[in-house]
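Please read the structure below before turning to the comments.
Numbering (the UniProt record's numbering), first residue to last: 1 to 253.
Next comes the structure, spelled out in structure tokens:
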């Protein structure tokens with residue numbers, strides 16, 4: 001029995017996905033503002049370099065002051081663009097005995113409410129994101145995943161409030177193999193903590209591609225894991241199937 005449990009542990013794997021523009025086909029904050037307060041798009045553009053949790057907290061203060069209710073926010077969450085093929089990906093991972101985690105600079109309320117709206121909560125084993133909660137009078141507050149007073153000391157592409165490399169390193173203590181899926185430059189830190197038997201899966205057409213293909217292609221050499229590119233959910237399913245079907249995948253640069 002002990003040997004069987006050890007063998008099972010050796011074969012556990014995790015698929016960790018970013019949320020915005022990866023799992024969903026939109027940026028959750030921008031979509032939220034388009035639905036509830038289109039005029040605030042200028043606020044997002046003017047403060048794009050703020051820590052994302054601080055920007056979101058400020059935006060939701062504006063929404064609350066304008067009379068936007070908790071129910072209004074939740075209804076908007078339910079309209080996030082979602083490719084139904086992603087459910088096939090979830091089913092594939094579970095069928096192969098793996099877990100699924102969300103690693104995102106969005107917030108826990110967006111993620112929890114979205115999966116509840118899709119009847120997909122049972123697929124998700126863990127969420128690493130900025131913690132969010134409702135005040136008693138219905139305002140959404142968004143806090144940092146990592147407090148600025150105790151910085152993660154990442155010198156890569158991560159914001160001060162969330163280090164995806166740190167999150168990946170924690171998961172790697174619990175899983176034998178990890179597949180990290182993302183679209184943005186800020187996903188690179190998470191990918192850089194993967195090992196040769198893991199896999200980095202980057203979405204074409206977003207800032208990760210610009211970062212690694214156009215601006216700093218030499219940084220691909222920092223990756224120990226193979227890098228595979230995907231464009232939509234069907235492509236991603238193919239990539240994940242390819243990775244899970246082999247103990248080693250040739251590095252694609």
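No residue lacks a Cβ here, since even glycine has one placed at the ideal position from N, Cα and C.
Buried versus exposed call for residue i [16 or more other C-beta atoms within 10 Å across all chains shown]
i           : result
residue 145 : buried
residue 39  : exposed
residue 42  : exposed
residue 78  : exposed
residue 161 : buried
residue 48  : exposed
residue 241 : exposed
residue 217 : exposed
residue 19  : buried
residue 31  : buried
Cβ-Cβ distance between residue i and residue j below 7 Å
i           : j           : result
residue 15  : residue 124 : no
residue 126 : residue 81  : no
residue 138 : residue 207 : no
residue 29  : residue 176 : no
residue 129 : residue 147 : no
residue 189 : residue 164 : yes
residue 231 : residue 194 : no
residue 86  : residue 233 : yes
Collapsed DSSP secondary structure at residue i in the structure displayed
i           : result
residue 82  : coil
residue 165 : helix
residue 43  : helix
residue 129 : coil
residue 145 : coil
residue 25  : coil
residue 177 : strand
residue 105 : coil
residue 138 : coil
residue 124 : coil
residue 72  : helix
residue 249 : Residue placement at residue 249 is flagged as unreliable, the pLDDT there being 41, under the threshold of 50; the coordinate-derived value follows with that caveat. Reduced to three states, the DSSP call for residue 249 is coil.
residue 99  : strand
residue 240 : helix
residue 182 : strand
residue 7   : Reliability fails at residue 7, whose pLDDT of 42 lies under 50, so the model's placement of it is uncertain and no value is given.
residue 2   : Because residue 2 sits at a pLDDT of 44, beneath the cut-off of 50, its placement in the model cannot be relied upon, and the following sentence gives the value as read from the coordinates. Correct three-state label for residue 2: helix.
Cβ distance (whole Å) where residue i is taken to contact residue j below 8 Å
i           : j           : result
residue 223 : residue 102 : Going by Cβ atoms, the distance from residue 223 to residue 102 rounds to 22 Å, so no, they are not a contact pair.
residue 142 : residue 53  : 5 Å
residue 179 : residue 212 : In fact, because the Cβ distance is near 17 Å, the residues do not count as touching under 8 Å.
residue 17  : residue 72  : In fact, because the Cβ distance is near 27 Å, the residues do not count as touching under 8 Å.
residue 220 : residue 227 : 6 Å
Worksheet item: Can you give, in chain order, each stretch of the alpha helix (DSSP H) that sits fully within the segment 192-234 and has at least 4 residues?
Response: Counting only runs of 4 or more, we get nothing.
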